[in-house]
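First up is the structure itself, then whatever we jot down about it.
Numbering (the working numbering), first residue to last: 433 to 574.
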(Lines of atoms letter the chains of each structure in order from A and count residues from 1; the text may use other names and numbers.)
(Lines give C-alpha, C1' and ligand atoms only; values in the text may rest on other atoms or scores of the structure.)
Protein backbone atom coordinates (compact mmCIF):
# COMPACT_ATOMS: atom_id res chain seq x y z
CA UNK A 1 0.00 0.00 0.00
CA UNK A 2 2.80 2.41 0.87
CA UNK A 3 4.58 1.85 -2.46
CA UNK A 4 1.37 2.47 -4.45
CA UNK A 5 0.74 5.73 -2.55
CA UNK A 6 4.37 6.78 -2.97
CA UNK A 7 4.17 6.02 -6.69
CA UNK A 8 1.08 8.21 -7.04
CA UNK A 9 2.86 11.02 -5.22
CA UNK A 10 5.85 10.67 -7.52
CA UNK A 11 3.68 10.85 -10.63
CA UNK A 12 1.83 13.87 -9.24
CA UNK A 13 5.12 15.58 -8.38
CA UNK A 14 6.55 14.91 -11.84
CA UNK A 15 3.42 16.21 -13.60
CA UNK A 16 3.21 19.34 -11.43
CA UNK A 17 6.95 19.91 -11.87
CA UNK A 18 6.56 19.83 -15.64
CA UNK A 19 4.02 22.68 -15.79
CA UNK A 20 6.44 25.65 -15.62
CA UNK A 21 8.55 24.08 -18.36
CA UNK A 22 5.52 23.43 -20.55
CA UNK A 23 4.42 27.05 -20.18
CA UNK A 24 7.92 28.24 -21.08
CA UNK A 25 7.92 25.84 -24.05
CA UNK A 26 4.66 27.33 -25.33
CA UNK A 27 5.81 30.92 -24.81
CA UNK A 28 9.17 30.48 -26.51
CA UNK A 29 7.70 28.27 -29.23
CA UNK A 30 5.10 30.93 -29.96
CA UNK A 31 7.80 33.49 -30.62
CA UNK A 32 9.69 30.95 -32.75
CA UNK A 33 12.51 30.03 -30.38
CA UNK A 34 13.45 26.48 -29.40
CA UNK A 35 16.43 25.46 -27.31
CA UNK A 36 17.60 22.62 -25.13
CA UNK A 37 17.41 24.99 -22.14
CA UNK A 38 13.63 24.58 -22.24
CA UNK A 39 14.11 20.81 -22.22
CA UNK A 40 16.38 21.31 -19.22
CA UNK A 41 13.70 23.37 -17.44
CA UNK A 42 11.04 20.72 -18.09
CA UNK A 43 13.31 17.84 -17.06
CA UNK A 44 14.58 19.65 -13.98
CA UNK A 45 11.02 20.50 -12.92
CA UNK A 46 9.91 16.89 -13.40
CA UNK A 47 12.84 15.51 -11.40
CA UNK A 48 12.44 18.15 -8.71
CA UNK A 49 8.69 17.49 -8.39
CA UNK A 50 9.20 13.73 -8.29
CA UNK A 51 11.91 14.01 -5.63
CA UNK A 52 9.90 16.49 -3.59
CA UNK A 53 6.80 14.30 -3.31
CA UNK A 54 8.28 10.82 -3.61
CA UNK A 55 11.87 10.94 -2.48
CA UNK A 56 14.95 9.57 -4.15
CA UNK A 57 14.77 8.61 -7.79
CA UNK A 58 14.92 4.86 -8.47
CA UNK A 59 14.46 2.76 -11.62
CA UNK A 60 10.64 3.07 -11.53
CA UNK A 61 10.92 6.79 -10.87
CA UNK A 62 13.27 7.22 -13.80
CA UNK A 63 10.79 5.50 -16.12
CA UNK A 64 7.97 7.67 -14.77
CA UNK A 65 10.01 10.85 -15.27
CA UNK A 66 10.95 9.91 -18.84
CA UNK A 67 7.30 9.17 -19.70
CA UNK A 68 6.18 12.47 -18.14
CA UNK A 69 8.96 14.27 -20.05
CA UNK A 70 7.82 12.82 -23.39
CA UNK A 71 4.19 13.69 -22.67
CA UNK A 72 5.10 17.19 -21.47
CA UNK A 73 7.09 17.92 -24.62
CA UNK A 74 4.25 16.69 -26.81
CA UNK A 75 1.73 18.80 -24.87
CA UNK A 76 3.99 21.86 -25.13
CA UNK A 77 4.42 21.40 -28.87
CA UNK A 78 0.72 20.67 -29.43
CA UNK A 79 -0.27 23.79 -27.52
CA UNK A 80 2.33 25.93 -29.30
CA UNK A 81 1.04 24.91 -32.73
CA UNK A 82 -2.56 25.34 -31.56
CA UNK A 83 -1.91 28.88 -30.32
CA UNK A 84 -0.10 29.88 -33.54
CA UNK A 85 -2.90 28.45 -35.70
CA UNK A 86 -5.55 30.07 -33.50
CA UNK A 87 -3.90 33.47 -33.88
CA UNK A 88 -3.75 33.02 -37.66
CA UNK A 89 -7.35 31.83 -38.01
CA UNK A 90 -8.71 34.45 -35.61
CA UNK A 91 -7.97 37.10 -38.24
CA UNK A 92 -10.44 35.40 -40.59
CA UNK A 93 -13.12 34.18 -38.20
CA UNK A 94 -14.34 35.51 -34.87
CA UNK A 95 -16.08 32.18 -34.18
CA UNK A 96 -12.90 30.11 -33.85
CA UNK A 97 -11.67 29.41 -30.33
CA UNK A 98 -8.35 28.21 -28.96
CA UNK A 99 -10.18 25.10 -27.74
CA UNK A 100 -11.25 24.37 -31.33
CA UNK A 101 -7.64 24.55 -32.47
CA UNK A 102 -6.39 22.36 -29.62
CA UNK A 103 -9.08 19.75 -30.16
CA UNK A 104 -8.84 19.70 -33.96
CA UNK A 105 -5.13 20.28 -34.46
CA UNK A 106 -4.63 16.99 -36.30
CA UNK A 107 -7.43 17.73 -38.75
CA UNK A 108 -6.24 21.30 -39.30
CA UNK A 109 -2.68 20.14 -39.96
CA UNK A 110 -3.91 17.51 -42.38
CA UNK A 111 -6.05 20.10 -44.18
CA UNK A 112 -3.13 22.49 -44.66
CA UNK A 113 -0.72 19.61 -45.35
CA UNK A 114 1.53 20.37 -42.37
CA UNK A 115 1.21 17.15 -40.38
CA UNK A 116 4.76 16.15 -41.37
CA UNK A 117 6.08 19.51 -40.17
CA UNK A 118 4.35 19.01 -36.83
CA UNK A 119 5.78 15.50 -36.42
CA UNK A 120 9.27 16.80 -37.28
CA UNK A 121 8.82 19.59 -34.75
CA UNK A 122 7.78 17.11 -32.03
CA UNK A 123 10.85 14.96 -32.72
CA UNK A 124 13.06 18.04 -32.62
CA UNK A 125 11.42 18.84 -29.29
CA UNK A 126 12.19 15.33 -28.04
CA UNK A 127 15.82 15.79 -29.02
CA UNK A 128 16.01 19.09 -27.14
CA UNK A 129 14.13 17.60 -24.22
CA UNK A 130 16.43 14.61 -23.93
CA UNK A 131 19.50 16.85 -24.18
CA UNK A 132 18.02 19.01 -21.46
CA UNK A 133 17.14 15.97 -19.36
CA UNK A 134 20.71 14.69 -19.62
CA UNK A 135 21.98 18.07 -18.38
CA UNK A 136 19.42 18.16 -15.57
CA UNK A 137 20.34 14.67 -14.37
CA UNK A 138 24.05 15.54 -14.46
CA UNK A 139 23.35 18.69 -12.44
CA UNK A 140 21.27 16.81 -9.86
CA UNK A 141 23.89 14.07 -9.45
CA UNK A 142 26.68 16.53 -8.57
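Using N, Cα and C, we set each Cβ at its ideal position, and we do this for glycine too. All figures in this text were calculated on a predicted structure; none of them were measured in a lab.
Original post:
Out of 502, 556, 452 and 438, which has the shortest C-alpha to C-alpha gap to residue 489?
Top reply: Mapped onto the chain shown, residue 489 falls at position 57. It is 438.
Original post:
Nearest to residue 445 by CA position, among 544, 509 and 474, is which residue?
Top reply: Taking the first residue of the chain shown as position 1, residue 445 is located at position 13. Nearest option by C-alpha distance: 474.
**OP:** Please confirm if the stretch 496-516 is in contact with the stretch 525-541, defined as three or more CB-CB distances below 8 Å between the two stretches.
**Re:** yes
Subject >> For residue 470 and residue 456, the rounded distance between their alpha carbons >> reply: Sequence index remark: in the chain shown, residue 456 carries index 24 (1-based). Sequence index remark: in the chain shown, residue 470 carries index 38 (1-based). Each residue's Cα considered, the two are about 7 Å apart.
Original post:
Which whole-angstrom value describes the C-beta separation of residue 458 and residue 531, a residue pair presumed to lie in contact below a C-beta threshold of 8 Å?
Top reply: The residue given as residue 458 occupies position 26 in the chain shown. The residue given as residue 531 occupies position 99 in the chain shown. The pair is not a contact, with the Cβ atoms about 15 Å apart (cut-off 8 Å).
Subject >> Exposure of residue 524, with buried meaning 16 or more beta-carbon neighbours within 10 Å >> reply: Position 92 of the chain shown, counting from 1, holds the residue named residue 524. Flag for residue 524 reads exposed.
**OP:** With residue 544 as the anchor, note down where its alpha helix (DSSP H) starts and where it stops.
**Re:** For the purposes of this step, residue 544 is taken as the residue at position 112 of the chain shown. Segment: none, residue 544 is in no alpha helix (DSSP H) and carries neither H nor E.
Original post:
Using DSSP with H/G/I as helix, E/B as strand and the rest coil, what is residue 553?
Top reply: As a first step, residue 553 must be located in the chain shown, where it is residue number 121. In the structure shown, residue 553 sits in a helix (DSSP, three-state: H, G or I).
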